[in-house]
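Structure, as C-alpha coordinates:
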Amino acid sequence: MLELIKVFHQVVESGSFSQAGHALHMAPSSIARNIDSLEAQLKTTLFKRSTRQLILTEEGSYFYTQSGQLVDQADSLLIEMRGSRDVPQGILKISVFESFGNLCLAPIIPEFLQMYPDVQVELDLDNKLVDLHSDNVDLAIRIGVPKDSGLKARKLMENRTLLTATPNYLNQHRTIVHPGDLHGHNCLLISQERQRNHWHFSQGKNKQKVAVKGNFISKGGSPLLTAALKDCGVLLLSEWMVKPYLESKELINILPDWTASHWEEGSGEIFAIYKAAQYPKPHIRAFLDFLIERLSLLSIEK
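The opening position of the sequence shown corresponds to residue -7 in our numbering, with each subsequent residue numbered one higher.
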(Lines of atoms letter the chains of each structure in order from A and count residues from 1; the text may use other names and numbers.)
(Lines give C-alpha, C1' and ligand atoms only; values in the text may rest on other atoms or scores of the structure.)
Protein backbone atom coordinates (compact mmCIF):
# COMPACT_ATOMS: atom_id res chain seq x y z
CA MET A 1 0.00 0.00 0.00
CA LEU A 2 2.93 2.35 0.65
CA GLU A 3 3.67 2.61 -3.07
CA LEU A 4 0.03 3.42 -3.77
CA ILE A 5 0.15 6.16 -1.14
CA LYS A 6 3.27 7.62 -2.75
CA VAL A 7 1.48 7.70 -6.11
CA PHE A 8 -1.48 9.41 -4.43
CA HIS A 9 0.81 12.07 -2.95
CA GLN A 10 2.41 12.68 -6.31
CA VAL A 11 -1.01 13.16 -7.93
CA VAL A 12 -1.98 15.69 -5.23
CA GLU A 13 1.27 17.59 -5.64
CA SER A 14 1.25 17.49 -9.44
CA GLY A 15 -2.42 18.31 -9.87
CA SER A 16 -3.19 15.71 -12.55
CA PHE A 17 -2.66 12.07 -13.51
CA SER A 18 -0.59 13.06 -16.53
CA GLN A 19 1.79 15.31 -14.56
CA ALA A 20 2.13 12.68 -11.84
CA GLY A 21 2.85 10.08 -14.50
CA HIS A 22 5.56 12.29 -15.98
CA ALA A 23 7.18 12.72 -12.56
CA LEU A 24 7.01 8.98 -11.77
CA HIS A 25 7.74 7.78 -15.32
CA MET A 26 4.38 6.00 -15.47
CA ALA A 27 1.52 6.13 -17.94
CA PRO A 28 -1.52 8.17 -16.80
CA SER A 29 -3.63 5.03 -17.09
CA SER A 30 -1.31 3.27 -14.61
CA ILE A 31 -1.62 6.24 -12.25
CA ALA A 32 -5.41 6.02 -12.47
CA ARG A 33 -5.35 2.28 -11.72
CA ASN A 34 -3.17 2.90 -8.66
CA ILE A 35 -5.60 5.51 -7.36
CA ASP A 36 -8.56 3.21 -8.02
CA SER A 37 -6.80 0.44 -6.10
CA LEU A 38 -6.02 2.73 -3.16
CA GLU A 39 -9.61 4.00 -3.02
CA ALA A 40 -10.87 0.39 -3.08
CA GLN A 41 -8.60 -0.58 -0.17
CA LEU A 42 -9.57 2.51 1.82
CA LYS A 43 -13.25 2.11 0.83
CA THR A 44 -13.56 5.82 0.15
CA THR A 45 -13.29 8.36 -2.68
CA LEU A 46 -10.14 10.48 -2.60
CA PHE A 47 -10.78 12.75 -5.60
CA LYS A 48 -13.66 14.47 -7.29
CA ARG A 49 -12.75 13.91 -10.93
CA SER A 50 -13.73 15.98 -13.95
CA THR A 51 -12.30 16.43 -17.42
CA ARG A 52 -10.52 19.61 -16.35
CA GLN A 53 -9.25 19.08 -12.82
CA LEU A 54 -8.88 16.84 -9.79
CA ILE A 55 -10.20 18.07 -6.47
CA LEU A 56 -9.52 16.33 -3.18
CA THR A 57 -12.58 15.17 -1.29
CA GLU A 58 -12.75 15.85 2.44
CA GLU A 59 -11.58 12.28 3.06
CA GLY A 60 -8.82 12.69 0.47
CA SER A 61 -7.56 15.87 2.11
CA TYR A 62 -7.54 14.20 5.52
CA PHE A 63 -5.73 11.13 4.19
CA TYR A 64 -3.12 13.28 2.41
CA THR A 65 -2.31 15.17 5.62
CA GLN A 66 -2.22 12.10 7.84
CA SER A 67 -0.27 9.88 5.47
CA GLY A 68 2.44 12.45 4.80
CA GLN A 69 4.31 11.50 7.97
CA LEU A 70 4.19 7.84 7.00
CA VAL A 71 5.75 8.59 3.60
CA ASP A 72 8.40 10.78 5.24
CA GLN A 73 9.29 8.10 7.76
CA ALA A 74 9.55 5.44 5.07
CA ASP A 75 11.80 7.61 2.90
CA SER A 76 13.89 8.57 5.91
CA LEU A 77 14.34 4.95 6.93
CA LEU A 78 15.31 3.98 3.39
CA ILE A 79 17.94 6.71 3.23
CA GLU A 80 19.24 5.79 6.68
CA MET A 81 19.59 2.13 5.73
CA ARG A 82 21.42 3.03 2.53
CA GLY A 83 23.75 5.22 4.57
CA SER A 84 26.81 6.58 2.88
CA ARG A 85 26.12 4.59 -0.28
CA ASP A 86 23.73 7.37 -1.35
CA VAL A 87 25.92 9.84 -3.20
CA PRO A 88 24.30 13.22 -3.94
CA GLN A 89 23.45 13.30 -7.62
CA GLY A 90 20.82 14.49 -10.05
CA ILE A 91 19.18 17.79 -10.99
CA LEU A 92 18.55 20.30 -8.18
CA LYS A 93 16.00 22.96 -9.16
CA ILE A 94 16.06 26.02 -6.91
CA SER A 95 13.74 29.03 -6.96
CA VAL A 96 15.05 32.07 -5.08
CA PHE A 97 14.22 35.76 -4.99
CA GLU A 98 16.58 37.66 -7.28
CA SER A 99 18.72 39.73 -4.92
CA PHE A 100 19.42 36.85 -2.54
CA GLY A 101 20.17 34.52 -5.43
CA ASN A 102 22.64 36.92 -7.02
CA LEU A 103 24.40 37.99 -3.84
CA CYS A 104 24.30 34.90 -1.63
CA LEU A 105 23.78 31.79 -3.76
CA ALA A 106 25.57 32.45 -7.05
CA PRO A 107 28.99 33.04 -5.41
CA ILE A 108 28.93 29.75 -3.47
CA ILE A 109 27.25 27.35 -5.89
CA PRO A 110 30.53 26.66 -7.77
CA GLU A 111 32.08 25.42 -4.51
CA PHE A 112 29.08 23.11 -3.95
CA LEU A 113 29.40 21.73 -7.48
CA GLN A 114 33.10 21.03 -6.92
CA MET A 115 32.17 19.06 -3.80
CA TYR A 116 29.37 17.17 -5.58
CA PRO A 117 30.22 16.91 -9.30
CA ASP A 118 27.27 14.57 -9.98
CA VAL A 119 24.76 17.29 -9.07
CA GLN A 120 23.38 19.71 -11.67
CA VAL A 121 21.94 22.96 -10.29
CA GLU A 122 19.18 24.86 -12.09
CA LEU A 123 18.77 28.29 -10.50
CA ASP A 124 15.58 30.30 -11.12
CA LEU A 125 15.88 33.93 -10.00
CA ASP A 126 12.31 35.11 -9.59
CA ASN A 127 10.59 37.24 -6.97
CA LYS A 128 7.18 35.66 -7.55
CA LEU A 129 5.96 32.89 -5.27
CA VAL A 130 6.23 29.47 -6.87
CA ASP A 131 3.96 26.47 -6.39
CA LEU A 132 6.23 23.59 -5.46
CA HIS A 133 3.37 21.18 -6.13
CA SER A 134 3.10 22.11 -9.80
CA ASP A 135 6.20 24.09 -10.82
CA ASN A 136 8.61 21.14 -10.57
CA VAL A 137 10.91 22.90 -8.08
CA ASP A 138 12.96 21.04 -5.44
CA LEU A 139 13.71 24.01 -3.19
CA ALA A 140 12.29 27.52 -2.87
CA ILE A 141 14.11 30.10 -0.78
CA ARG A 142 11.82 32.75 0.65
CA ILE A 143 11.30 35.03 3.64
CA GLY A 144 8.85 33.54 6.13
CA VAL A 145 7.24 30.13 6.67
CA PRO A 146 4.54 29.05 4.17
CA LYS A 147 1.05 28.34 5.47
CA ASP A 148 0.70 25.35 3.13
CA SER A 149 0.69 22.21 5.31
CA GLY A 150 2.02 20.25 2.35
CA LEU A 151 5.37 22.03 2.63
CA LYS A 152 8.27 21.89 5.06
CA ALA A 153 10.60 24.75 5.88
CA ARG A 154 14.17 24.73 7.15
CA LYS A 155 15.53 27.96 8.57
CA LEU A 156 18.61 29.27 6.79
CA MET A 157 19.26 32.58 8.56
CA GLU A 158 17.78 35.67 10.18
CA ASN A 159 16.74 38.41 7.78
CA ARG A 160 18.02 41.25 9.93
CA THR A 161 17.70 44.69 8.35
CA LEU A 162 20.07 47.61 8.99
CA LEU A 163 19.71 51.37 8.64
CA THR A 164 22.63 52.75 6.64
CA ALA A 165 23.87 55.72 4.63
CA THR A 166 27.17 56.91 3.16
CA PRO A 167 29.57 59.13 5.15
CA ASN A 168 29.07 61.90 2.57
CA TYR A 169 25.30 61.85 2.96
CA LEU A 170 25.52 61.89 6.74
CA ASN A 171 28.04 64.75 6.73
CA GLN A 172 25.72 66.87 4.62
CA HIS A 173 22.49 66.25 6.55
CA ARG A 174 21.10 66.43 10.04
CA THR A 175 22.57 63.94 12.50
CA ILE A 176 20.47 60.85 13.20
CA VAL A 177 20.66 59.79 16.86
CA HIS A 178 17.04 58.67 17.29
CA PRO A 179 14.48 57.11 14.89
CA GLY A 180 12.47 60.35 15.03
CA ASP A 181 15.40 62.19 13.46
CA LEU A 182 14.56 60.51 10.13
CA HIS A 183 11.91 63.19 9.57
CA GLY A 184 13.26 65.45 6.87
CA HIS A 185 15.72 62.86 5.55
CA ASN A 186 15.44 61.32 2.08
CA CYS A 187 14.58 57.67 2.74
CA LEU A 188 14.94 55.09 -0.03
CA LEU A 189 11.75 52.99 -0.05
CA ILE A 190 10.79 49.42 -0.98
CA SER A 191 7.48 49.64 -2.86
CA GLN A 192 6.36 46.03 -2.28
CA GLU A 193 6.31 46.35 1.50
CA ARG A 194 2.85 46.58 2.99
CA GLN A 195 3.68 49.79 4.88
CA ARG A 196 6.38 51.34 2.75
CA ASN A 197 5.79 54.80 4.28
CA HIS A 198 6.59 53.64 7.80
CA TRP A 199 9.69 52.07 9.32
CA HIS A 200 9.60 50.30 12.67
CA PHE A 201 12.24 50.48 15.40
CA SER A 202 12.58 48.77 18.76
CA GLN A 203 15.00 49.04 21.65
CA GLY A 204 13.93 46.73 24.44
CA LYS A 205 10.34 47.71 25.29
CA ASN A 206 10.67 51.03 23.49
CA LYS A 207 9.00 50.80 20.09
CA GLN A 208 8.84 53.54 17.48
CA LYS A 209 6.84 53.74 14.25
CA VAL A 210 8.32 56.44 12.06
CA ALA A 211 6.72 57.96 8.97
CA VAL A 212 9.32 58.21 6.21
CA LYS A 213 9.42 59.94 2.82
CA GLY A 214 11.77 59.70 -0.14
CA ASN A 215 12.16 60.46 -3.82
CA PHE A 216 13.21 56.95 -4.92
CA ILE A 217 10.95 53.91 -4.64
CA SER A 218 11.77 50.44 -6.00
CA LYS A 219 10.31 46.93 -5.86
CA GLY A 220 13.80 45.51 -5.36
CA GLY A 221 16.59 46.41 -2.99
CA SER A 222 19.46 46.49 -5.50
CA PRO A 223 18.51 49.82 -7.17
CA LEU A 224 18.09 51.40 -3.74
CA LEU A 225 21.51 50.14 -2.65
CA THR A 226 23.06 51.67 -5.77
CA ALA A 227 21.33 54.97 -5.00
CA ALA A 228 22.47 54.92 -1.38
CA LEU A 229 26.08 54.37 -2.44
CA LYS A 230 25.76 57.54 -4.58
CA ASP A 231 24.81 59.59 -1.48
CA CYS A 232 21.09 59.72 -2.37
CA GLY A 233 19.61 58.94 1.03
CA VAL A 234 19.05 56.65 4.01
CA LEU A 235 18.63 52.95 3.30
CA LEU A 236 16.85 50.21 5.29
CA LEU A 237 17.92 46.92 3.78
CA SER A 238 18.84 43.34 4.64
CA GLU A 239 22.19 42.82 6.34
CA TRP A 240 23.31 40.31 3.71
CA MET A 241 22.96 43.02 1.05
CA VAL A 242 24.84 45.82 2.82
CA LYS A 243 27.51 43.86 4.71
CA PRO A 244 30.32 44.27 2.11
CA TYR A 245 29.78 48.05 2.04
CA LEU A 246 29.78 48.30 5.82
CA GLU A 247 33.07 46.42 5.92
CA SER A 248 34.57 48.72 3.27
CA LYS A 249 33.25 51.81 5.13
CA GLU A 250 31.27 52.91 2.07
CA LEU A 251 28.16 52.70 4.26
CA ILE A 252 27.75 53.43 7.95
CA ASN A 253 25.36 51.56 10.24
CA ILE A 254 23.03 54.18 11.71
CA LEU A 255 21.32 53.61 15.08
CA PRO A 256 23.13 50.30 15.74
CA ASP A 257 21.50 50.05 19.18
CA TRP A 258 18.05 49.91 17.62
CA THR A 259 16.41 47.04 15.73
CA ALA A 260 14.97 48.35 12.47
CA SER A 261 12.43 46.74 10.14
CA HIS A 262 9.95 47.43 7.36
CA TRP A 263 7.38 45.43 9.33
CA GLU A 264 5.99 45.92 12.80
CA GLU A 265 6.48 42.21 13.56
CA GLY A 266 10.16 42.28 12.55
CA SER A 267 12.18 41.43 9.48
CA GLY A 268 11.50 37.69 9.58
CA GLU A 269 13.71 34.79 8.69
CA ILE A 270 14.85 33.19 5.45
CA PHE A 271 13.77 29.59 4.86
CA ALA A 272 14.42 26.83 2.39
CA ILE A 273 11.05 25.27 1.51
CA TYR A 274 10.42 21.82 0.09
CA LYS A 275 7.57 19.36 -0.24
CA ALA A 276 6.51 17.73 3.01
CA ALA A 277 5.51 14.52 1.31
CA GLN A 278 9.06 13.62 0.38
CA TYR A 279 12.05 13.23 2.65
CA PRO A 280 14.81 15.39 1.14
CA LYS A 281 16.85 13.40 -1.33
CA PRO A 282 20.63 13.20 -0.78
CA HIS A 283 21.47 16.04 -3.16
CA ILE A 284 18.81 18.27 -1.57
CA ARG A 285 20.00 17.49 1.95
CA ALA A 286 23.62 18.04 0.93
CA PHE A 287 22.79 21.47 -0.50
CA LEU A 288 20.75 22.47 2.57
CA ASP A 289 23.58 21.53 4.94
CA PHE A 290 26.12 23.32 2.73
CA LEU A 291 23.92 26.42 2.49
CA ILE A 292 23.31 26.72 6.23
CA GLU A 293 27.02 26.44 6.94
CA ARG A 294 27.98 29.09 4.37
CA LEU A 295 25.18 31.52 5.23
CA SER A 296 26.17 31.49 8.90
CA LEU A 297 29.21 33.53 7.83
CA LEU A 298 27.05 36.40 6.56
CA SER A 299 26.01 37.71 9.97
CA ILE A 300 27.90 40.61 11.51
CA GLU A 301 27.94 41.97 15.03
CA LYS A 302 26.19 45.17 15.88
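Idealized CB from N, CA, C, for every residue including glycine.
These numbers come from a predicted model, not from an experiment.
> What do you get for Ile47, buried or exposed, if any count of 16 or more other CB atoms within 10 angstroms of its CB means buried?
Replying inline: Locating residue 47 in the sequence shown gives position 55, counting from the first residue. Per the 10 Å Cβ criterion, exposed.
>> Please classify Asn163 as buried or exposed, where buried requires at least 16 other C-beta atoms within 10 Å of its C-beta.
In response: Position 171 of the sequence shown, counted from the first residue, corresponds to residue 163. The residue is exposed, with fewer than 16 neighbouring Cβ atoms inside 10 Å.
> Measuring CA to CA, which of Ala203, Pro20, Asp130 is closest to Gln112?
Replying inline: Here the question's residue 112 lines up with position 120 in the sequence shown. Nearest of Ala203, Pro20, Asp130 to Gln112, Cα basis: Asp130.
>> Give me the DSSP bridge partner(s) of Met149.
In response: In the sequence shown, the residue the question calls residue 149 occupies position 157. According to DSSP, which records beta bridges pairwise, Met149 is partnered with Ile262.
> Would you call the segment 229 to 236 and the segment 196 to 208 touching, i.e. three or more CB-CB distances under 8 Å?
Replying inline: Here the segment 229 to 236 makes no contact with the segment 196 to 208; the two share fewer than three CB pairs at distances below 8 Å.
> By Cβ distance below 8 Å, which residues in the same chain neighbour Gly13 in space, the five residues on each side in sequence not counted?
Replying inline: Within the sequence shown, the letter at position 21 stands for residue 13. Around Gly13, the same chain offers Ala19, Pro20, Ser22, Ile23 as residues with beta carbons nearer than 8 Å, after the five sequence neighbours per side are excluded.
>> Three Cβ pairs or more, each shorter than 8 Å: is that satisfied between the segment 238 to 253 and the segment 158 to 178?
In response: By the Cβ rule, the segment 238 to 253 counts as touching the segment 158 to 178, because three or more pairs are nearer than 8 Å.
> Three-state secondary structure (DSSP) at Glu293?
Replying inline: Numbered from its first residue, the sequence shown carries residue 293 at position 301. Per-residue confidence for Glu293 stands at a pLDDT of 45, beneath the threshold of 50, marking its modelled position as unreliable; the derived number appears in the next sentence. DSSP places Glu293 in the coil class of the three-state scheme, outside both helix and strand.
> Whose C-alpha, out of Leu30, Phe282, Ser194, Leu117, is nearest the C-alpha of Leu95?
Replying inline: Translated into the one-based positions of the sequence shown, residue 95 becomes position 103. Out of Leu30, Phe282, Ser194, Leu117, the CA that lies nearest to the CA of Leu95 is found in Leu117.
> How far does the alpha helix (DSSP H) with Leu287 in it reach, from first residue to last?
Replying inline: Your numbering for residue 287 matches position 295 in the sequence shown. Counting along the chain, the alpha helix (DSSP H) containing Leu287 begins and ends at 274 to 287.
> Does DSSP put Ala220 in a helix, in a strand, or in coil?
Replying inline: Locating residue 220 in the sequence shown gives position 228, counting from the first residue. Helix, per DSSP.
>> Based on DSSP bridge pairs, tell me the residues matched to Leu229.
In response: Taking the first residue of the sequence shown as 1, we reach residue 229 at position 237. For Leu229, which the question treats as bridged, DSSP gives the partners Leu154.
>> Considering Cα atoms alone, identify which of Glu103, Arg152, Glu261, Ser91 is closest to Asn119.
In response: Position 127 of the sequence shown holds residue 119. For Asn119, the closest of Glu103, Arg152, Glu261, Ser91 by C-alpha to C-alpha distance is Ser91.
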